[in-house]
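Numbering (the numbering used here), first residue to last: 1 to 295. Notes follow once the structure below has been shown.
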């Protein structure tokens, strides 16, 4: 049987880069830690660490062991929170990752069906697509919402499903959006300052193709990773901006954005939202409810 205490000491040594620093962190004698790591190597039948000057580095076998240990002890660190949540009188924790470039106004609309859940503790993380998928695979997240599906990777064991397709519309402040601009849309985009999502957004390439097809060369006054922030700057008078209808439904509910006016529709362009889950997410009751709402 694998001794998980020995595995833990090995994991700490590898993370700290040496036995001396590991001894300080663990408040143990260096010899004690060294002995127990050697016992782990004997059980596994391979050397896991080798000296490199005043530090130690992982062998190839050690790299494999460390990767598994990393998963094991990261999951272990989540146990106290989950136990407290389970004992807290029906509190339910839902951790959602939101990929850069995805409309945050749209995600609020998608999460709306579970926001009134009694005892809900919602934890939202905003980040780049690949790191969010890694956190999902390590069960740090229950769900990732993104503008693209998860790439095929058997080792991550993720499932991906498109839960929303939303037409894209253009909005702007009353100071810029008048009847003449609306009537002449989309040609009026060449006479107005335009705000666009950055290249992080899965929507950006579709918008650029649409502008090219329409023969438009707008004056781009700003680029934003976050759609809500883009709407705030637009409302201040900086320009007009595109947003999926799923997100535009929430514009009137946010202070400072109620004066935005609809300029026109991006024909043939839509914003997609994909829900990505791990095996753990398949069992989460709130994730299941969100998936049903998306359909």
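Beta carbons are placed, not taken as given, at the ideal position from N, Cα and C, and that holds for glycine.
Exercise. Do you know whose CA, among 244, 270 and 269, lies nearest residue 109's CA?
Worked result: If you number the chain shown from 1, residue 109 lands on position 109. Residue 109 has its Cα closest to that of 244, out of 244, 270 and 269.
Problem set entry | Coil, strand or helix - residue 145 by DSSP | Residue 145 sits at position 145 when you count from the first residue of the chain shown. In the structure shown, residue 145 sits in a strand (DSSP, three-state: E or B).
For this session: Using the Cα positions of residue 193 and residue 182, report the straight-line distance between them to the nearest angstrom.
Result: Taking the first residue of the chain shown as position 1, residue 193 is located at position 193. Taking the first residue of the chain shown as position 1, residue 182 is located at position 182. Distance between the alpha carbons of residue 193 and residue 182: 15 Å.
Exercise. By a C-beta neighbour count over all protein chains shown, 10 Å radius and 16 as the cutoff for buried, is residue 56 buried or exposed?
Worked result: Here residue 56 corresponds to residue number 56 of the chain shown, with the count starting at 1. Under this definition residue 56 is a buried residue.
Exercise. In terms of DSSP beta bridges, what is residue 94 paired with?
Worked result: Sequence index remark: in the chain shown, residue 94 carries index 94 (1-based). Paired residues: 122.
Exercise. For residue 185, does the three-state DSSP call read helix, strand or coil?
Worked result: If you number the chain shown from 1, residue 185 lands on position 185. Correct three-state label for residue 185: coil.
Exercise. Is it buried or exposed for residue 295, if we count other Cβ within 10 angstroms and need 16 for buried?
Worked result: Within the chain shown, the letter at position 295 stands for residue 295. With a pLDDT of 49 at residue 295, under the threshold of 50, the predicted position of this residue should be treated as unreliable, and no value is reported.
Exercise. Going by the CB atoms, is the gap between residue 158 and residue 174 shorter than 9 Å?
Worked result: Residue mapping note: residue 174 aligns to position 174 of the chain shown, counting from 1. Residue mapping note: residue 158 aligns to position 158 of the chain shown, counting from 1. For residue 174 and residue 158, no; Cβs fall outside 9 Å.
For this session: Could you spell out the range, first to last residue, of the beta strand (DSSP E) harbouring residue 262?
Result: In the chain shown, the residue the question calls residue 262 occupies position 262. Run containing residue 262: 261-277, per the beta strand (DSSP E) assignment.
For this session: Could you spell out the range, first to last residue, of the beta strand (DSSP E) harbouring residue 190?
Result: Position 190 of the chain shown, counting from 1, holds the residue named residue 190. Looking at the DSSP string, residue 190 is not in any beta strand (DSSP E), and its letter there is neither H nor E.
For this session: Could you name the residues of the same chain whose beta carbon sits closer than 8 Å to that of residue 38, not counting the 5 residues immediately before and after it, in chain order?
Result: Within the chain shown, residue 38 is the residue found at index 38, counting from 1. Hits under 8 Å: none found.
Exercise. Which runs of the beta strand (DSSP E), 3 residues or longer, sit entirely within the segment 199-244?
Worked result: 219-224 and 241-244
For this session: Take the Cβ of residue 12 as the centre, count every other Cβ of all protein chains shown within 10 Å, and call the residue buried at 16 or more, exposed below.
Result: By 1-based counting over the chain shown, the position of residue 12 is 12. Buried.
Problem set entry | residue 289 versus 94, 239 and 177, residue with shortest Cα-Cα distance | Locating residue 289 in the chain shown gives position 289, where the first residue counts as 1. It is 94 whose Cα lies nearest to the Cα of residue 289.
Exercise. Rounded to a whole number of angstroms, what is the C-alpha to C-alpha distance between residue 143 and residue 54?
Worked result: On the chain shown, residue 143 is found 143 positions in, with the first residue counted as 1. On the chain shown, residue 54 is found 54 positions in, with the first residue counted as 1. Computed Cα separation, rounded: 42 Å.
Problem set entry | Buried versus exposed, by CB contacts within 10 Å (16 or more), residue 150 | Looking up residue 150 in the chain shown gives position 150. Looking at its Cβ environment, which holds 16 or more other Cβ atoms inside 10 Å, residue 150 is buried.
For this session: Using the DSSP secondary-structure output, state which residues sit across from residue 172 in a beta bridge.
Result: Walking along the chain shown from the start, residue 172 turns up at place 172. Answer is 261.
Problem set entry | Rounded separation between residue 176 and residue 261 - CA only | As a first step, residue 176 must be located in the chain shown, where it is residue number 176. As a first step, residue 261 must be located in the chain shown, where it is residue number 261. Their backbone Cα atoms lie some 9 Å apart in a straight line.
Exercise. Looking only at its own chain, which residues have a Cβ that is under 6 Å from the Cβ of residue 160, when we skip the five neighbours before and after it?
Worked result: Within the chain shown, residue 160 is the residue found at index 160, counting from 1. The residues are 149, 150, 274 and 276.
Exercise. Residue 35: which of 5, 272 and 64 sits nearest, CA to CA?
Worked result: One-based indexing of the chain shown puts residue 35 at position 35. Among 5, 272 and 64, the Cα nearest to that of residue 35 belongs to 5.
Exercise. How is the alpha helix (DSSP H) around residue 37 delimited, first residue to last?
Worked result: Position 37 of the chain shown, counting from 1, holds the residue named residue 37. From DSSP, the alpha helix (DSSP H) with residue 37 extends over 30-44.
For this session: Assuming residue 198 and residue 169 form a contact by the criterion Cβ under 8 Å, report the distance between their Cβ atoms to the nearest whole angstrom.
Result: If you number the chain shown from 1, residue 198 lands on position 198. If you number the chain shown from 1, residue 169 lands on position 169. Contact doesn't hold; Cβ gap of about 19 Å is too wide.
For this session: Using the Cα positions of residue 165 and residue 268, report the straight-line distance between them to the nearest angstrom.
Result: What you label residue 165 is simply residue 165 of the chain shown in a count that begins at 1. What you label residue 268 is simply residue 268 of the chain shown in a count that begins at 1. If I take the Cα positions, the gap works out to 12 Å.
For this session: Go ahead and label residue 1 buried or exposed: buried means 16 or more other beta carbons lie within 10 angstroms of its beta carbon, across all protein chains shown.
Result: Locating residue 1 in the chain shown gives position 1, counting from the first residue. Label assigned to residue 1: exposed.
Exercise. What residue does the beta strand (DSSP E) around residue 52 start on, and which one ends it?
Worked result: Within the chain shown, residue 52 is the residue found at index 52, counting from 1. Start and end: 49-52.
For this session: Could you tell me whether the Cβ atoms of residue 14 and residue 66 are closer together than 9 Å?
Result: Counting from one through the chain shown, the residue named residue 14 turns up at place 14. Counting from one through the chain shown, the residue named residue 66 turns up at place 66. Against a cut-off of 9 Å, the Cβ pair of residue 66 and residue 14 comes out as a contact.
Problem set entry | Backbone secondary structure at residue 167 - three-state DSSP | Position 167 of the chain shown, counted from the first residue, corresponds to residue 167. Strand at residue 167.
Exercise. Anyone know if the C-beta pair for residue 69 and residue 7 falls short of 9 Å?
Worked result: Residue numbering aside, residue 69 sits at position 69 when the chain shown is read from its first letter. Residue numbering aside, residue 7 sits at position 7 when the chain shown is read from its first letter. Yes, these two residues count as a Cβ contact at 9 Å.
Exercise. Hey, quick one: how far does the beta strand (DSSP E) through residue 158 stretch, first residue to last?
Worked result: Here residue 158 refers to the residue found at position 158 of the chain shown. Neither: residue 158 is in no beta strand (DSSP E) and is coded neither H nor E.
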